[in-house]
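**Q** I'd like to ask some things about the structure below.
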Amino acid sequence: MIDKKKRPIRSFVLRGGRLTVAQQHALDELWPHFGIEQRESVLDPEDYFDRPADTIVEIGFGNGESTWRMAQQEPDKNFIGIEVHEPGVGHLLMALDANGVENVRIACEDAVTFLQHRIAAGSLAGIRIYFPDPWPKKRHHKRRIIQPGFVMLLARNLGKGGILHLATDWQPYADHMLEVLQACPDFVNLSPAGDYCERPEWRPYTKYEQRGERLGHQVRDLLYQKLS
Ligand SMILES: C[S@@+](CC[C@H](N)C(=O)[O-])C[C@H]1O[C@@H](n2cnc3c(N)ncnc32)[C@H](O)[C@@H]1O
Numbered sequence: 060m061i062d063k064k065k066r067p068i069r070s071f072v073l074r075g076g077r078l079t080v081a082q083q084h085a086l087d088e089l090w091p092h093f094g095i096e097q098r099e100s101v102l103d104p105e106d107y108f109d110r111p112a113d114t115i116v117e118i119g120f121g122n123g124e125s126t127w128r129m130a131q132q133e134p135d136k137n138f139i140g141i142e143v144h145e146p147g148v149g150h151l152l153m154a155l156d157a158n159g160v161e162n163v164r165i166a167c168e169d170a171v172t173f174l175q176h177r178i179a180a181g182s183l184a185g186i187r188i189y190f191p192d193p194w195p196k197k198r199h200h201k202r203r204i205i206q207p208g209f210v211m212l213l214a215r216n217l218g219k220g221g222i223l224h225l226a227t228d229w230q231p232y233a234d235h236m237l238e239v240l241q242a243c244p245d246f247v248n249l250s251p252a253g254d255y256c257e258r259p260e261w262r263p264y265t266k267y268e269q270r271g272e273r274l275g276h277q278v279r280d281l282l283y284q285k286l287s
């Protein structure tokens with residue numbers, strides 16, 4: 060019998076969303092090229108990208124619209140997108156193929172374990188987490204991905220000067236992010252006011268951002284730099 064108390068707290072619930080025929084086809088045909096298989100060992104980016112370049116990780120990319128657009132806008136960088144929801148992975152695979160974007164690779168697994176086991180310390184130039192699940196109910200706050208321990212893991216994986224970029228449309232989560240980040244000595248806040256930053260024009264609109272705006276929510280961007 061599973062001991063529920065020993066199950067790790069996850070930031071996601073796997074929804075049973077069905078794959079469309081096109082998404083399944085993309086997974087069959089394109090995953091071998093763009094996918095990063097699950098392993099325990101530290102990943103060597105040169106096994107996946109045909110050139111060394113600054114590597115940016117995007118966590119919880121949803122349908123991947125932001126991922127392929129940023130990769131297209133920043134062709135000098137390598138992107139690793141991480142998402143547990145398979146239909147979203149299928150959606151991104153189709154977009155990469157349709158738009159001829161080559162500088163993205165995808166991991167379909169829990170970002171927490173991926174960052175713990177597969178990313179070498181100090182190896183990332185940036186980590187972007189846009190509109191992570193806000194888990195609004197108090198009893199679910201422990202599921203929020205932004206927590207002190209996770210932020211320490213992000214700091215471990217970023218190189219000196221690396222940028223952590225978060226965005227959310229849920230003010231209580233923005234407050235929580237600010238509190239956790241301000242308490243982490245490895246990061247400096249890039250906001251001149253010491254709290255939130257202007258929305259960078261280059262950040263693509265995501266599905267969840269548009270939903271938040273329809274609901275009248277204010278969007279908050281947080282930008283932090285890794286000190287050393
Ligand atoms: C609210 S959605 C936002 C999606 C997208 N970034 C956007 O703005 O439209 C959060 C996404 O994060 C994914 N997610 C949550 N926790 C994750 C984890 N630990 N590892 C990988 N993906 C995760 C969920 O599956 C979901 O697709």
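Using the numbering used here, read the sequence shown as starting at 60 and increasing by one per residue. Glycine residues also receive a C-beta, built at the ideal position from the N, C-alpha and C atoms. Being a predicted model, the structure only gives us computed values, none of them experimental.
#1: Indicate, with yes or no, if ligand 1 has a heavy atom lying under 6 Å from the CB of LYS197.
#2: Checking 7 Å against the spacing of the C-beta atoms, do LYS201 and ILE68 come in under that value?
#3: With C-beta atoms as the reference, is VAL239 less than 7 Å away from VAL210?
#4: Let me make sure I understand the geometry here. Which of GLY181, LEU282 and GLY208 has the alpha-carbon closest to that of PRO251?
#5: To which residues does DSSP link LEU213 through a beta bridge?
#6: Let's test the definition: count the other Cβ atoms within 10 Å of the Cβ of SER100 and tell me whether it reaches 16, buried, or not, exposed.
#7: Using only the alpha-carbon positions, how far apart do ASP254 and GLY271 sit?
#8: May I have the straight-line CA-CA distance separating GLY123 from PRO191, to the nearest angstrom?
#9: Give the DSSP-derived three-state secondary structure of THR265 in the structure shown.
#10: Is the region 110 to 121 touching the region 80 to 94 in the sense that three or more CB pairs, one from each, lie closer than 8 Å?
#11: Apart from the five residues on each side of it in sequence, which residues of its chain come closer than 7 Å, Cβ to Cβ, to VAL143?
#12: Assuming the contact rule is C-beta atoms closer than 8 Å, ASP228 and GLU268 should be a hit. Round their C-beta distance to whole Å, please.
#13: How many Å lie between LEU225 and GLY119 at the Cα?
#14: Alpha carbon to alpha carbon, what distance is there between ARG128 and ARG262?
#15: Check this for me: beta carbons of GLU117 and GLY140, under 7 Å apart or not?
**A** The answer reads as follows:
#1: no
#2: yes
#3: yes
#4: LEU282
#5: DSSP, once it has assigned bridges, lists no residue as partnering LEU213.
#6: exposed
#7: 20 Å
#8: 13 Å
#9: coil
#10: no
#11: PHE71, LEU73, CYS167, GLU168 and ASP169
#12: 6 Å
#13: 11 Å
#14: 9 Å
#15: yes
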